[in-house]
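Reviewing the structure listed below.
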Amino acid sequence: MILMGLHHNKLGGHIPAELGEKLMSLAAISLRNNSFTGPIPPSLANLSSLQNLDLAYNHLVGSIPPGLGSIHSMWRFNLFSNNLSGMIPLSLYNWSSLELFEVGFNMLHGSIPDDIGDKFPRMKGLGLFDNHFTGTIPSSITNLSYLTQVSLSDNRFSGYVPPTLGRLGALQYLDLADNKLEANDNKGWEFITYLENCSQLERLALGGDSFGGQLPGSIVNLSRTLQKLYIMDSRVSGGIPADIGNLVGLNLLAIANNYISGVIPESIGKLENLIELALYNNSLSGLIPPSLGNLSQLNRLYAYYGNLEGPIPASLGELKNLFVLDLSTNYQINGSIPREIFKLPGLSWYLDLSYNSLSGPLPDEVGSLANLNQLILSGNQLSGKIPDSIQNCIVLDWLLLDNNSFEGSIPQSLKNIKGLSKLNLTMNKFSGNIPDALGRIGNLQELYLAHNNLSGSIPSVLQNLTSLSKLDVSFNNLQGEVPHGGFFRNITYIAVAGNIRLCSSTPQLHLAPCSTSPLSKNKKKMPKYLVIPLAKTGAILLSLSIIIAVQIL
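In the working numbering, the protein residues as written are 156 to 708.
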């Protein structure tokens, strides 16, 4: 057997036609992950012994040569991630020995033949995703009894999913996302019930289709081997089944961007292998179940844009592996932020609790988030002072505390957060001066301090921040001259509006001009030789006025 393996290099240009003219005994060609351009040489059809053709991850164009269908020994055909177009030649369906057919990430079109189930009796992997295929999924596909992977996502397939997919006993991976497939309360969800027979199923992706109606309760009867379940970006309604905890093999559960309502079931705490939980942009209501604290492997928790209410369970402080927590924009989540949240050692991407009804102070424990990149607490009812311990968040990139009731002065300690690029303290009750220390935050790009009670001048040291691109200090009690160097050369009126005691000679700021010197300096001094005579004259006039007044009396 003669093999050609030139994969994972930096080869470019066209694939030589001579491969199919002079190397007639080739059994395998692997040119994957190079930079080949141009068409697939039709001369490859001469390689009658070819079993494996792998041209994935290149920049090939044009259509698939129909002559390749004459190679009856082909068992692995991979053209993944190129720029191929046209239809799949019908001659390729003569490959009765084929086990892998992978043409994903191209620009191919056409439909799947109705009799595909009679064409590839040994097929294990069918990858058509991210193309322009149309039509329905033929029910005969279930005759391909060896199928382990079916990837049809990101196409334009329509109609109902064949319930007979449940006959594929070896199926491990089924991705139907981002098509136009249908389901409603009357028809279309039957395939979920039949998939119970797929005892080896590990991944099921159904997002971005035209699925509607209620999420079938039978979904909790899927195999316990199921690791990833995506039901996203559709019009699915109803509630999350109470027994969702049956799917104990799940490491990812994404039921997001739908119309799911009701509560988050308590049984979700049984999914102890869960790494990512995405429930965002639904109509979920009720309390956040404390059982979420049992998900010891959880890395990401997204439950934003919903109707959740009540306090944040302190049990979330048990999620030692949590990398990101986003419970923002539920509006009715209330109470104080549990101190346990700020002690999570793995929390390093972002913590977003914005636009809820949280109250009370920001705990000193916030300084424990030494690895946190973004802290977003905007739009709550938090009060008190910003604790100086926040300086311990040394890698903080975003600090958004706007639209709260924080008060006191802006901490000087913020200067110690060297990587801070966005600081938003708008609409609080801060008073005092803007600290010069802000000018020593070397990476600061956006600074928002509007709608507070800040006084004093705008620190001229902010001119030295070459990274600064946005500033808003409007509607405070600031006074004095607006700096005119650095970023301030291009500043607009909206950034300083509502500070009537500010002045500037920059026309676009529409502020009163600053006086060049105090009025007293402009007064001319009286010559010394006039001081004494005028004093005497004043004394004489004063004496006369007294005499006249006495005579009148």
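Virtual Cβ for every residue (Gly too), placed ideally from N, Cα, C. Being a predicted model, the structure only gives us computed values, none of them experimental.
- Every alpha helix (DSSP H) stretch that sits fully inside the region 335-392 and reaches 4 residues is listed by chain position as 345-349.
- The region 440-519 is shown to contain whole beta strand (DSSP E) runs of 3 or more residues at 455-457, 462-466, 479-481, 487-490, 505-507 and 512-516, in chain order.
- Residue nearest to L323 within the set I296, L426, G167 and A172 is I296 (criterion: CA-CA distance).
- Spatial neighbours of S294 in its own chain (CB-CB distance under 6 Å, excluding positions within 5 residues in sequence) are listed in chain order as P317 and T319.
- One alpha carbon belongs to G193, the other to A211, and they sit about 14 Å apart.
- The three-state secondary structure of I549, taken from DSSP, is coil.
- By the Cβ test, the region 511-528 is not in contact with the region 471-478, since fewer than three Cβ pairs between them sit closer than 8 Å.
- Contact annotation: S313 and L336 have beta-carbon atoms nearer than 8 Å.
- For Y328, the three-state secondary structure derived from DSSP is strand.
- Cβ neighbours of D398 within its own chain (closer than 7 Å, five residues either side excluded): V375 and S422.
- If the five residues before and after P396 are omitted, its C-beta is found closer than 8 Å to the C-beta atoms of L370, G372, I374, V375 and P420, all from its own chain and listed in chain order.
- In this structure, the alpha-carbon of V550 lies about 21 Å from that of D591.
- Within the same chain, and ignoring the five residues on either side of F191 in sequence, the residues whose Cβ sits closer than 8 Å to its Cβ are L166, G167, G168, H169, I170, L210, N213, H214 and L215.
- Taking all protein chains shown into account, T621 has fewer than 16 neighbouring C-beta atoms within 10 Å of its C-beta and is therefore exposed.
- Just so you know, the alpha carbons of L527 and R455 end up roughly 14 Å apart.
- In terms of CA proximity to E427, R379 leads the group G272, R379 and T661.
- Taking C-beta atoms under 8 Å as the contact rule, K274 and Y315 fail to qualify, at a distance of about 22 Å.
- Looking at the DSSP output, N579 shares a beta bridge with L555 and Y603.
- 8 Å or more divides the Cβ of I157 from the Cβ of L174.
- Non-local C-beta neighbours of A172 in its own chain, meaning closer than 7 Å and more than five positions away in sequence, comprise P196 and S198, ordered along the chain.
- Around S185, the same chain offers G160, H162 and D209 as residues with beta carbons nearer than 6 Å, after the five sequence neighbours per side are excluded.
- Non-local beta-carbon contacts of L205 in its own chain, meaning distances under 8 Å to residues more than five positions away in sequence, involve L181, A182, A183, I184, L199, I226, S228 and M229 in chain order.
- In the DSSP assignment, G160 falls within the beta strand (DSSP E) that extends over I157 to G160.
- The region 571-581 and the region 552-562 touch, with no fewer than 3 CB-CB distances between them shorter than 8 Å.
- Secondary structure at N286: coil, using DSSP grouped into helix, strand and coil.
- About 7 Å separates the Cβ atoms of L609 and S586, confirming a contact at the 8 Å cut-off.
- In this chain, E427 is not harboured by any beta strand (DSSP E), its DSSP state being neither H nor E.
- The C-alpha of S629 is placed about 17 Å away from the C-alpha of Q618.
- A direct Cα-to-Cα measurement between D340 and G400 gives close to 24 Å.
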